[in-house]
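Numbered according to mature numbering (1 follows the signal peptide of the UniProt record, and there is no 0), the sequence shown spans residues -16 to -1, 1 to 751.
Note that CB positions come from ideal geometry on N, CA and C, so glycine has one too.
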Amino acid sequence: MVGFFLLGTFMLYCVGQIQIQGIPLICVSQPSCSACLRSPGCAWCKHKDFLKSGESTERRCDTAESLRTRRCEQTDIINPQSELVFLKNNELSSDPDSVVQLKPQNLLFKLRVGVPQTFSVSFKRAEGYPIDLYYLMDLSFSMRDDLDTIKNLGQEILSTLKNVTKKVRVGFGSFVDKVALPYVSQVKDKKNNPCPSRLYTCQPAFSFQNILGLTQDVAEFKTRVSNQIISGNLDSPESGFDAIMQAAVCQGVIGWNNVTRILVYTSDDTFHIAGDGRLAGIFEPNDGKCHLNGSGFYDGTKYDYPSVGQLARVLAANNIQLIFAVTEDSVAAYKALSKLIPQSVLGVLKNDSSNVVQLILEAYNNLSSTILLEHHGAPSGLDVTYRSHCTPAEGVNTPWQRRGECMNIKLNQQVDFTVSLNISTSEGECLKEKKQFFLKLQGISETLKVSVETLCDCDCHDREQQSTHCNEKGTLNCGICSCDEDHLGQRCECDRPKDMISADSMDTTCGQDSSSLLCSGHGSCECGICVCQGTHHGDFCQCDDNSCDRHNNMLCGGNGQCDCGTCKCHANYNGSACDCSTLTDQCRTAGKLCNGQGTCQCNQCQCNNDFFGMNCSKIADACAKFLACVTCELANKESDGLKSNCSRPCGSVKSTWVEGPQEFPCREDTISYKVELFPDGNILVLYADLPRSVDKTYVIIGSSVSSIIFIGIAVILISWLMLEFHYRREYDSFLKATETVVWKNIENPLFQDATTIVMNPIHIQED
């Protein structure tokens, strides 16, 4: 039973995934109309004459297309389709008087079991949507410098947030620790003034105090905060969890409106968790209810600190987004805490809280840019999955996830989700009544209400008691007869035997055993007797004269007759398909069967090892196998003295030396040999000398050297002749140039004679 349960669960899951991916569902036939509608992809034919005689009622349950193909009229097909009804579908709007951020708002689904249906959800954060911000501050002694800063930040917080929206309200609360040992001293003087030094004045400790509910009056905020005095406690952790719980559940006192709700938590130290209250003898778990007195105080001495899970549920239920503003020393602890609380972010606070305004703005932007769509209160067996379309570029092929998630969403940016619903309970059961659940965005108060009901009831409008179709012995409903207690059968045509209490028990007589099909699946059971179809016969239609083994695509190989699935072979044949001949003519040779080296099976030789061929007439790797024998015989032939015994390497093989050189297929050194197999099974080895041949090595070497020398000499001669021809041509050119030269005596105009004649003027006068 466990196996069937797991198998059914797996099949329904697979069916749902197949339908989501757009693959047609495969109908699994069922015996009744209601069960048929629980089977994905199935429809029911209610026509009373739809079935042939002996057909089972499961044949009425099939795909609608198959039923139409089998001539069931459309009006007789029961196949209710899933339906989506929009009960409220207002358009997205940022109008302050009618803000709509989530579309649609109310849906009704009518689902078939295992047939998923999808719908679209759109979200767009309304521009200027109002904000309620409640400032929750640690007033332990180490935060005294932060208190002075906060007293003057009310106006700045409002001004900063009004850049986002025009409607902002702020409130203020504080916390220290439970008024009990070992958290707060119970000595009267220290209880009244828990400051660690007498130089300071502190107010008595408390677990939480609501100082100012949410208001738009900045002056009132400044006045109330300015009146606050620091307090103190003994240990480092504070009662922050108590404060968060009371601020979240005391809706009326704090004054939360149905707008964006932000809780800012500031501290410079860690927190107490559930179970720490036992140190003070506080054992009663936190009840998650409001316990503020008339003055807005909560001392925390009755209930333990809440758990992280409690805080996460309460904050989510009240649509409150949490901002942790803590100093650097406590970041690690609050970072881990933030991961466990949805819609919470972490910011690092300076030691004097001077950056708290900028921190709040950045944290708000981070919270606003993350969109998480989840479902709450879905009925058991309803599978809800999401596809996120965060940007227009993201198509329909994004993966299915357990929640819708979009990051880094800007103001006025619309995001869309595709949501799939699929009823897939463990046994395909329908919902007993209409169920409701909600889709909700974390930190947003608007919800989408989804009502779901299942389509499992068959309203065939053909119910007829004592129907003539049922031989007036039963009630007709949805095309099938419900027989009275004395009759059975498709139309109540069978008398019920005394030892049979139902049609199912009668059907057992049509099966060979409890696990077999009725009439072996080849006939119909009519009144406990099998009516066979086609060529099937036998008491249980178990015999089929066309189901015998085939050989060469012929029934019983064409060598026998099929009788109830078994071949009756003709003479000289046997085997499951009469494919084995008992003759031996194909194995016989002139000598023994298969040359004595195999057996004849089905008129074919099955050779021994080392033999092959049609009649085992060939020896596998004969050269290597008989090399030792040839070597031994050759050694004995060449030996003049004592000869070796070759019976071991040769066995019964005969060997013969052939005179003169021979070229046989097998060669070894200077010997060639061959192996022959005779029809009588004997083996003969013939061996001889290989024909001698010229050693071509020296010829090749000599030819190569001679060719190199000849080519070298030829190259030298050709080079010398070409140079000689060049020199002669140049010399002839020189001689021709010499003969054409004409030599003339021409005086150089630049030439000066070396002789100079000088006349003595005196010598001339004397003359």
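- For Q420, the uninterrupted beta strand (DSSP E) run begins and ends at K419 to L425, by DSSP.
- For A27, the uninterrupted beta strand (DSSP E) run begins and ends at A27 to C29, by DSSP.
- A contact is defined here as three or more CB-CB pairs under 8 Å, and the region 231 to 242 fails this definition with respect to the region 132 to 148.
- When DSSP reads this structure, Q193 sits in a beta bridge with S158 and F281.
- If you look at Y348, you'll find it in the alpha helix (DSSP H) that goes V340 to S352.
- In the DSSP assignment, Y318 falls outside any beta strand (DSSP E) and within the unbroken alpha helix (DSSP H) covering V315 to L324.
- The DSSP-derived three-state label of E75 is coil.
- Remark: C-beta atoms of C511 and L502 do not approach each other more closely than 8 Å.
- The beta carbon of L137 sits closer than 7 Å to the beta carbons of V340 and V341 from its chain, once the five residues preceding and following it are set aside; these are given in chain order.
- When Cβ pairs closer than 8 Å are counted between the two stretches, the region 594 to 614 is seen to touch the region 628 to 640, the count reaching three or more.
- Nearest to D446 by alpha-carbon distance, out of Q426, V69, I61 and S338, is I61.
- For V399, the secondary structure class from DSSP, reduced to helix, strand or coil, is strand.
- Taking C-beta atoms under 8 Å as the contact rule, I214 and F70 fail to qualify, at a distance of about 56 Å.
- Judged by DSSP secondary structure, W704 falls within the alpha helix (DSSP H) whose first and last residues are K680 to E723.
- The region 383 to 395 and the region 353 to 370 touch, with no fewer than 3 CB-CB distances between them shorter than 8 Å.
- DSSP places F225 in the helix class (H, G or I) of the three-state scheme.
- Cβ contact annotation for D563 (same chain, cutoff 6 Å, sequence separation greater than five): H535 and G541, in chain order.
- Cβ contact annotation for Q193 (same chain, cutoff 7 Å, sequence separation greater than five): G157, S158, G280 and F281, in chain order.
- Under the three-state reduction of DSSP, D271 is assigned to coil, being neither helix nor strand.
- Cβ neighbours of C589 within its own chain (closer than 6 Å, five residues either side excluded): C571, C578, G582, N599 and C600.
- Only residues of its own chain outside the window of five on either side were considered, and among them K94 have a CB closer than 7 Å to the CB of E67, listed in chain order.
- Taking the C-beta atoms as reference points, I355 is found no nearer than 8 Å to Q305.
- In the three-state DSSP reduction, Q736 falls in the coil class, being neither helix nor strand.
- Judged by DSSP in its simplified three-state form, D173 adopts helix.
- Scanning the region 545 to 613 for uninterrupted beta strand (DSSP E) segments of 3 residues or longer gives 550 to 553, 582 to 585 and 588 to 591, listed from N- to C-terminal end.
- If you look at R371, you'll find it in the beta strand (DSSP E) that goes L366 to H373.
- Beta-bridge analysis with DSSP links D673 to I655.
- Taking T254 as the centre and dropping the five residues before and after it, the same chain places the C-beta of S220, P221, S314 and A317 closer than 7 Å to its C-beta, in chain order.
- The DSSP-derived three-state label of G293 is helix.
- For the set R96, L395, Q58 and K482, the Cα lying nearest the Cα of N350 is the one of L395.
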